[in-house]
Amino acid sequence: MTKHSIRITSIRCNATSESGITDGDEVYLVCQADGGLPIRVPGKLNSSTNMEKGDVWEPADLVLNFTYEVLVTLWDHDLNYDPNLASYLQSTDFEPGSGSGSRTLKNHNGADYTVSYQYID
Amino acid sequence: MKEELKIQLANYAALYQSMNLPETHAAQSPRGMTAEEQQVFAAALKAWTTYSQSPEGKKDLAAVEHMDLQEVRAYVATLPDKPVFVELIKWIRSLDLPESSFTIGLCFEAELIIGFSGTIGVAVGIGNSSGAQSAEFLAASLELGLEVGAMAGVQFGLWNSAPVNLEGNRVGIELDLDLGVGISAGVYCRKDDDDLTFSGVAVMAGVGLEDGIGIVDCYIFILGDQGADPYLKPVVQPRKSNLLIIESLRCVHPSNDGAGNENEVKFIFQADGDTLYPYPTYDYFSMKEGEVWQCGRSVWFNEKVAVTIYDEDTGSGDDVVGTFSISKGQLSPGKSVTFHSTKDYSSRTDAVEYTINVKWVAQDVAPGGA
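Sequences listed follow chains A and B, in order.
In terms of the working numbering, the first sequence opens at residue 1203 and continues consecutively.
In terms of the working numbering, the second sequence opens at residue 5 and continues consecutively.
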């Protein structure tokens, strides 16, 4: 029984990580509510959103339902779908009361992303 | 069925589910099963009966109930070397079959996700691929109507792909064949838009299987050679009575690993002595002195959680830089508590210190699926 929902409205790339083998990062999200089944976005295997500095990705109606929290992790995938080869960019956890707004996530490989979200109910 | 295997199967089911593959509601099988294929499956089922009722087979199959994914994978890889299957495969290779792989798989239900099942098996080359390298695979399927249980049976398949090329999604269409009690058969097709292309045929036998599976959507993963590591690391957590969040991890002082002024940090958490979960699930997060990682990792637990922080070192192995023991009695609902390492990992020349902040967000939660 989920009680809360947030919508991820956009992900802005302020800077890409240095670890990619292609221009930009091949970004995908893994969203896990309350430690349950993770959801991959984009859903299709091997799929990702190529992001370079200044790019804004607006996932189509990405609403995350949760009871206690939902953890959103940004990954940069290289080569193929094998997650063992993916690079961890950063993650952010939403709890009830997170409100609406944006969070900036950075790492020492140069990745700098802003995740914007809207609390629905 | 081992808890670890349930979680590992749930990870594959989750990956399968996240693919958003269009569900198949109705489909016409492009062909049936040939008389020769039926002969192969009849012989395979006979061989399975011989093996599973032998002292060796009984012992092996009893042991499977206590295996995790890697152990099951290692076990199925040995099946083609069992004398009864050596004979069977030799005979199949002598036939003029159009297929390129013969598979033997054990079927399990992904208990954490009702309706999903997993088949862990081995594919050997036949026909034009007789000399090809064998491959272990895991097929995740959505089969509504399956009841929760342990190992659900055995599956044999004949496929038109070489073993290493089996990966991909399939649609299984049940064939109405009178093969005996508890035995079902299906034709499997690759789906390209609305077109179905023949991919293989399979039979399943075992206790607990329902007749009339109709249509099954599935995805076959080839299990790569990942050494001791599971191909997919555990993510899904069984629900327990309490939930905490490891809100943040502070690098008070990194260890001096000789590779710059930062540590490549990751941690393992373990609730109540059960499954070990890495975080980040893959890779690491680099941290310098004084930095805080807002990791936000939720953990279901009943009584206690153990956390071990590592500095990942390629080549020389990972170094432990902090160990934490969190018990329910140390927490207050809704409040953040700072934990210090239970052991000091500093040396005379190297001060090392990490702390974690933990918040207890749910107490006495009713049991239920994750």
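Note that beta-carbon positions come from the ideal geometry of N, C-alpha and C, so glycine has one too.
All figures in this text were calculated on a predicted structure; none of them were measured in a lab.
- 1241, 1242, 1245, 1246, 1247, 1270, 1271: these are the residues of the region 1241-1271 of chain A whose beta carbon lies less than 7 Å from some beta carbon of chain B, given in chain order.
- With respect to residue 104 of chain B, residue 145 of chain B sits apart: the two C-beta atoms are not nearer than 8 Å.
- Within the model, the alpha-carbon separation for residue 308 of chain B versus residue 10 of chain B is close to 21 Å.
- Non-local beta-carbon contacts of residue 218 of chain B in its own chain, meaning distances under 6 Å to residues more than five positions away in sequence, involve 178 in chain order.
- Residue pairing by DSSP places residue 304 of chain B opposite B:247 in a beta bridge.
- Excluding residues up to 5 positions away in sequence, 246, 247 lie with their Cβ nearer than 7 Å to the Cβ of residue 366 of chain B in the same chain.
- According to the DSSP assignment, residue 75 of chain B belongs to no beta strand (DSSP E) but to the alpha helix (DSSP H) extending over 73-82.
- Per DSSP, residue 188 of chain B is one residue of the beta strand (DSSP E) stretching across 187-196.
- One alpha carbon belongs to residue 1279 of chain A, the other to residue 53 of chain B, and they sit about 45 Å apart.
- Put simply, the region 1204-1215 of chain A touches the region 1260-1278 of chain A. At least three CB pairs are less than 8 Å apart.
- Taking a Cβ-Cβ cut-off of 7 Å, residue 333 of chain B has no neighbours in chain A, whose nearest Cβ is about 21 Å from it.
- Residue pairing from DSSP places residue 270 of chain B in a beta bridge opposite B:314.
- At least 8 Å separates the CB of residue 349 of chain B from every CB of chain A.
- When C-beta atoms of the region 190-203 of chain B are compared with those of the region 169-178 of chain B, three or more pairs fall below 8 Å, so the two segments count as touching.
- For residue 99 of chain B, the number of other beta carbons within 10 angstroms of its own is below 16, and it is reported as exposed.
- Counting only the Cα atoms, residue 1250 of chain A lies some 28 Å from residue 123 of chain B.
- In the DSSP assignment, residue 121 of chain B falls within the beta strand (DSSP E) that extends over 120-129.
- Contact check for residue 130 of chain B against residue 106 of chain B passes: the beta carbons are separated by less than 8 Å.
- For residue 256 of chain B, the CB contacts under 8 Å within the same chain, skipping 5 residues up- and downstream, are 293, 294, 357, 358, 359 in chain order.
- Contact between residue 187 of chain B and residue 209 of chain B holds, since their C-beta atoms are separated by about 5 Å, short of 8 Å.
- With respect to the 8 Å criterion, residue 141 of chain B and residue 249 of chain B are not classified as neighbours on the basis of their beta carbons.
- Put simply, the backbone Cα of residue 193 of chain B is about 12 Å away from that of residue 162 of chain B.
- For residue 133 of chain B and residue 69 of chain B, the gap between their C-alpha atoms comes out near 32 Å.
- Within 8 Å of the CB of residue 1273 of chain A, the CB atoms of chain B belong to 300, 301, 302, in sequence order along the chain.
- Your pair residue 340 of chain B and residue 362 of chain B checks out as a contact, with CB atoms roughly 7 Å apart and the cut at 8 Å.
- Within the region 1297-1314 of chain A, contact with chain B at the beta-carbon level (separation under 8 Å) is assigned to 1297, 1309, 1310, 1311.
- With a threshold of 8 Å between beta carbons, residue 1288 of chain A makes contact with chain B.
- In the pairwise beta carbon analysis, the region 1294-1306 of chain A is classified as not touching the region 39-55 of chain B: fewer than three pairs are separated by under 8 Å.
- Beyond the five residues adjoining it in sequence on each side, residue 1225 of chain A comes within less than 7 Å, by CB distance, of 1254 in the same chain, given in chain order.
- For residue 8 of chain B, the enclosing alpha helix (DSSP H) starts and ends at 7-22.
- By the Cβ neighbour-count rule, residue 338 of chain B is exposed, with fewer than 16 other Cβ atoms within 10 Å of its own.
- In its chain, beyond the 5 residues on either side, 129 have a beta carbon closer than 7 Å to the beta carbon of residue 135 of chain B.
- Taking C-beta atoms under 8 Å as the contact rule, residue 329 of chain B and residue 364 of chain B fail to qualify, at a distance of about 15 Å.
- According to the DSSP assignment, residue 226 of chain B belongs to the beta strand (DSSP E) that extends over 219-226.
- According to DSSP, residue pairing for residue 1229 of chain A in a beta bridge involves A:1251, A:1278.
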